[in-house]
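Undergrad: A single structure is presented below for examination.
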Amino acid sequence: MSGTATDPRTFARRMIVRGALLAAFVGLAALAFVAGKGHTLLIDNKDAEDGSVQAIDGVMVSVDRQEALELYRGDRDKAVVKGQAHTISIEVIADGTKIRKRIRLPIGREMLLLSVPKLAAGLEPSVVPFVPAQAAAPPEEGAGESNAFTSPGGTPQTMMALPGDEPIPDAPPD
Amino acid sequence: MSAKRSVGRFFMENAVVIIFLLITVLAIKPSNLSLPYIIQEMLTRLGRNSFLVLALLLPIYAGMGLNFGMTLGAMAGQIGLIFAINWNIMGVPGLVFAALIGTPISVFMGWICGVVLNKAKGREMVTGYILAYFINGIYQFVVLYLMGSLIPIRSPAILLSRGYGIRNTLNLEGVRQSLDNLLMLRGGPFSLPMATYLVIGVLCLFVIWFKKTKLGQDMRAVGHNMAVADMAGIPVDRTRIIAIIISTVLACYGQIIFLQNMGNVATYNAHDQTSFFAVAAILVGGASVKKATIPNVFIGVVLLHLLFVVSPRAGQNLFDSAMIGEFFRQFIGYGVIALSLVLYAWRSRKEALRAREGLRGLAEGGKAT
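From first to last, the protein sequence lines are chains Y and U.
Under my numbering, think of the first position of the first sequence as 1, with each following residue one higher.
Under my numbering, think of the first position of the second sequence as 1001, with each following residue one higher.
If you want it as structure tokens, here you go:
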């Protein structure tokens, strides 16, 4: 009888091990989330809306070790980055001035707008969240043909009425 | 006479491998594919598929046959990847995150599978196969109806336009070949995904180590004879459940490795044929329902995929139709499984007959003395 009961010390040790495993699991998941979180960085070379800085005419911008992007006045390009801390290298084409800055991206934002003129001038905030005017979802496979199964209320297949398809009128009562 | 018998025995024991090798070698020439291309394909496919096939080993050690229930683990891996894409977690951390999400799901699935298989001792393979169909229905319900409605999914890129349910095909751009490219060794025309090979190597070491542990020994004892193991005090049912849980978790990781290499996932049917191709590969490698080794896995993956690479081109060149090669591929895949199972049944019956004759001879000998 007592052979099946667990010793309190064994039980406590088992609970500690399980708790440690759970903590390691959650910690690892959080680490993977923070280290791997992807962001789309829109790199903007335009005049600031408040008129504080002017766009640079001809600049090479590289994010971390990615290929440099060539931007002229009014240009916008994008870079996909992983993690929160990044190094932005700016090289003005006209005079060869090189600027290196480190930026930190907020973890909860997927798409951010980086103003190159503001970053080069040391003005804050140079990175602001970007909200697209209307996020259009890509079309589904086979959309418009017959997606009634995967999308209840979706477009049913159009069927042509054939002669003889008309409903049969109820038979007159005798 | 004895040499003839031993040759015959060798052929019978390795019939599947020999037949397969013969067909594949014959198909190489008409395929007109260059040797470097074939070698590179094999190197890539070894990295892509070996982990999944290795997941089959432990249930075979535990005497549960070929684990067709590994599909459950594959589904768990896909759910993990859906969450990784939803939260836009990229690169190797994305794969780790998917594995972490998939682990508890696959443990639970493996437990269900193990409990069910314990109720169907002796019919594990067909039960696992049908169980996979049943769980597939639940998976479809969760992914098609609960994700986006009950389970929060916010990425419009993966949601159906109606607002809930996941799209048919997901682009794994964020994690595409992230493990393969982590440590890519390039030499001449060849690229070796060393990080993937390293993960597979670690799994091989784990299997070797695990076989030497108490639990591993228990598994082999259970696989050898359940009644004897039970009398020796080994918890048979528990050991079998653990074998299936480990196999399901490994299948989850294997599916993640497979899909990161492919770069996209067919949400509703990527897992359908996972167990089928893994089982075909291990059988082609010379394993049987009762016996499998690590070399069987690698030989099988190379041979099966060699045929997969050369047969469509051989069909195209010989019959002017690539579809012939595709049919051939399907036919060979199912044929190998059927042939292997028939040979196994035939061999088991023959061994039982021989053992019975031996006992009869012993009894007659005993009477004579």
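Positions of the beta carbon are idealized from the N, C-alpha and C atoms, including for glycine.
No experiment lies behind these values; they were computed from the predicted model shown.
Touching or not, the stretch 1085 to 1096 of chain U and the stretch 1225 to 1245 of chain U, by the rule of three or more beta carbon pairs under 8 Å?
TA: Counting Cβ pairs under 8 Å, fewer than three are found: no touch.
Undergrad: Counting Cβ pairs closer than 8 Å, one from the stretch 84 to 96 of chain Y and one from the stretch 55 to 62 of chain Y, do we hit at least three?
TA: Contact between the stretch 84 to 96 of chain Y and the stretch 55 to 62 of chain Y is present, because at least three Cβ pairs lie under 8 Å.
Undergrad: Helix or strand or just coil, what does DSSP make of U/P1030?
TA: Helix.
Undergrad: Which residues in chain U have a C-beta closer than 8 Å to the C-beta of Y/A260? List them in chain order.
TA: A question about residue 260 of chain Y goes unanswered here, because the residues of chain Y that appear run from 1 up to 174.
Undergrad: Going by C-alpha distance, which of Y/G51, Y/N45, Y/V81, Y/R65 is nearest Y/G74?
TA: Of the listed residues, the one whose Cα sits closest to Y/G74 is Y/N45.
Undergrad: Run down chain U in chain order and give the residues with a C-beta less than 7 Å from the C-beta of Y/F130.
TA: Those do not exist, as Y/F130 stays about 14 Å from chain U at its closest Cβ, beyond 7 Å.
Undergrad: Taking C-beta to C-beta, are U/I1256 and U/G1047 nearer than 9 Å?
TA: No, they are not a contact pair.
Undergrad: Comparing the C-beta of Y/H86 with each C-beta of chain U, is any distance below 9 Å?
TA: So, not an interface residue.
Undergrad: Thinking U/I1153 and U/L1159 are a contact (beta carbons under 8 Å), I'd like their distance in whole angstroms, please.
TA: So it is a contact: roughly 6 Å between Cβ atoms.
Undergrad: Indicate whether the contact test is met: 3 or more Cβ pairs, each with one atom in the stretch 1102 to 1116 of chain U and one in the stretch 1257 to 1271 of chain U, closer than 8 Å.
TA: Contact between the stretch 1102 to 1116 of chain U and the stretch 1257 to 1271 of chain U is absent, because fewer than three Cβ pairs lie under 8 Å.
Undergrad: Compute the Euclidean distance between the alpha carbons of Y/R9 and Y/L22, then round it to the nearest angstrom.
TA: Rounded to whole angstroms, Y/R9 to Y/L22 spans 20 Å at the Cα level.
Undergrad: Examine chain U for any beta-carbon lying closer than 9 Å to the beta-carbon of Y/L105, and answer yes or no.
TA: False, the Cβ-Cβ gap to chain U never drops below 9 Å.
Undergrad: In three-state terms, what does DSSP make of U/H1305?
TA: Helix, per DSSP.
Undergrad: What are the boundary residues of the beta strand (DSSP E) that includes Y/M111?
TA: Unbroken beta strand (DSSP E) run through Y/M111: 111 to 115.
Undergrad: Between U/I1166 and the rest of its own chain, which residues show a CB-CB distance below 8 Å, the 5 nearest in sequence each way excluded?
TA: So the list reads I1082, V1143, L1144, M1147, G1148, I1153, I1158, L1159, L1160, T1267, once near-sequence residues are dropped.
Undergrad: Give the residues of chain Y in contact with U/G966, contact being defined as C-beta atoms less than 9 Å apart.
TA: No statement about residue 966 of chain U is possible, as the shown extent of chain U runs from 1001 to 1369 and does not include it.
Undergrad: Taking all protein chains shown into account, decide if Y/G51 is buried (16 or more other Cβ within 10 angstroms of its Cβ) or exposed.
TA: Under this definition Y/G51 is an exposed residue.
Undergrad: Where does the unbroken beta strand (DSSP E) through Y/K101 begin, and where does it stop?
TA: Taken as a continuous stretch (DSSP letters only), the beta strand (DSSP E) holding Y/K101 covers 98 to 104.
Undergrad: Closest Cβ-Cβ distance between Y/A261 and chain U: below 9 Å?
TA: Residue 261 of chain Y cannot be examined here, being either before or after the span of chain Y that is shown, 1 to 174.
Undergrad: Is there at least one non-hydrogen atom of the ligand ATP closer than 8 Å to the beta-carbon of U/S1050?
TA: As presented, the structure is devoid of all ligands, the ligand ATP included, so that no description of it is given.
Undergrad: Assign U/L1205 to one of three DSSP states: helix, strand, or coil.
TA: Helix, per DSSP.
Undergrad: Going by DSSP in three states, U/A1062 sits in which element: helix, strand or coil?
TA: Three-state result, U/A1062: coil.
Undergrad: Please confirm whether U/A1195 has its beta-carbon closer than 9 Å to some beta-carbon of chain Y.
TA: Not one chain Y Cβ lies under 9 Å of U/A1195.
Undergrad: Taking only the alpha-carbon atoms, compute the straight-line gap between U/R1360 and U/L1203 and give it to the nearest angstrom.
TA: Going from the Cα of U/R1360 to the Cα of U/L1203 covers about 46 Å.
Undergrad: Let's test the definition: count the other Cβ atoms within 10 Å of the Cβ of U/Q1384 and tell me whether it reaches 16, buried, or not, exposed.
TA: No answer is possible for residue 1384 of chain U: the residues shown for chain U start at 1001 and end at 1369.
Undergrad: Cα-Cα, which of U/A1015, U/G1102, U/Q1316, U/V1053 is closest to U/G1077?
TA: Per the Cα distances, U/G1102.
Undergrad: Please report the distance separating the alpha-carbon of Y/L41 from that of Y/E70.
TA: If I take the Cα positions, the gap works out to 15 Å.
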